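A.B. asks: Taking the working numbering, the leading residue of the sequence shown gets -13, the next gets one more, and so forth.
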Amino acid sequence: MKLLIINGPNLNLTGKRQPEIYGSRSFESFFEVLESGYASKGCGIQYFQSNSEGEIIDRLHKAGYGDEGFDGIVINPGAYSHYSLAIADAIAAIPLPVVEVHISNVAAREAERRKTVTGAACVAVVAGLGLFGYEAAVEWFVQSRNI
Ligand code: DQA
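1. Classify Arg45 as buried or exposed, calling it buried when 16 or more other Cβ atoms lie within 10 Å of its own Cβ.
2. Confirm, please, whether the CB-CB distance from Val87 to Val60 is below 8 Å.
3. Between Glu54 and Arg95, what straight-line distance do the alpha-carbon atoms span, to the nearest angstrom?
4. Is it a yes or a no for the stretch 68 to 85 touching the stretch 101 to 109, going by three-plus beta-carbon pairs under 8 Å?
5. From the DSSP output, in three-state form, read off Asn86 for me.
6. Tell me the residue span of the alpha helix (DSSP H) that contains Leu46.
7. For a test of your reading of the model: does the CB of Leu(-1) fall under 7 Å from any non-hydrogen atom of the ligand DQA? Yes or no.
8. Can you tell me which of the three DSSP states Val112 falls into?
9. Per DSSP, which one or two residues make a beta bridge with Tyr24?
10. Which residues mark the beginning and the end of the alpha helix (DSSP H) in which Gln129 is found?
11. Nearest-angstrom Cα distance between Gln35 and Lys27?
12. Below 8 Å CB to CB, which residues in the same chain sit around Leu117 once its five sequence neighbours on both sides are set aside?
13. Is DSSP giving Ile80 helix, strand or coil here?
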């Protein structure tokens, strides 16, 4: 099993920005532990982060139609979740299951954050579990695909 995690804008600052909302651990330090834990179970996880909508769309296309052999994608499109029909279209356009993750519980935040247009194109949305949400999504792929 091979999975790709895609993080959108400002998620490179996780651990530094608004720690009361997003926690104080960097995504990189979390990813290191996640990646090595799942590697030993035979599940490879790659990580891509971009602050640009077009780069996120290009990465989705490449993962979906290239020869990297991904089985699924875990994505946190950041603020793009709430308005990017272009990323939603890219998710719908690729033949891979995509699970959306939000560190915070977007359903309990400002009205603009309660709707996720990209989440509507995904198999599922996990929100409010902190960084553990990424692990929950990865574990769902592993269990449902039986690596
Ligand atoms: C976020 C929630 C978004 O509303 C916000 O713009 C982010 C992070 C989350 O992970 O909780 O950048 O996607």
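Think of the CB as a built atom: it goes at the ideal place given N, C-alpha and C, for glycine as much as any other residue.
A quick note: this is a predicted structure, and the numbers were derived from the prediction, not measured.
C.D. replies: The answer reads as follows:
1. buried
2. yes
3. 36 Å
4. yes
5. At residue 86 the sequence reads Glu, which differs from the Asn that was named. Here Glu86 sits in strand by DSSP.
6. Glu39 to Tyr51
7. no
8. strand
9. The partner list for Tyr24 (beta bridge, DSSP) is empty, contrary to what the question assumes.
10. Phe118 to Arg131
11. 24 Å
12. Thr0, Gly9, Arg11, Phe13, Phe16 and Ile89
13. coil
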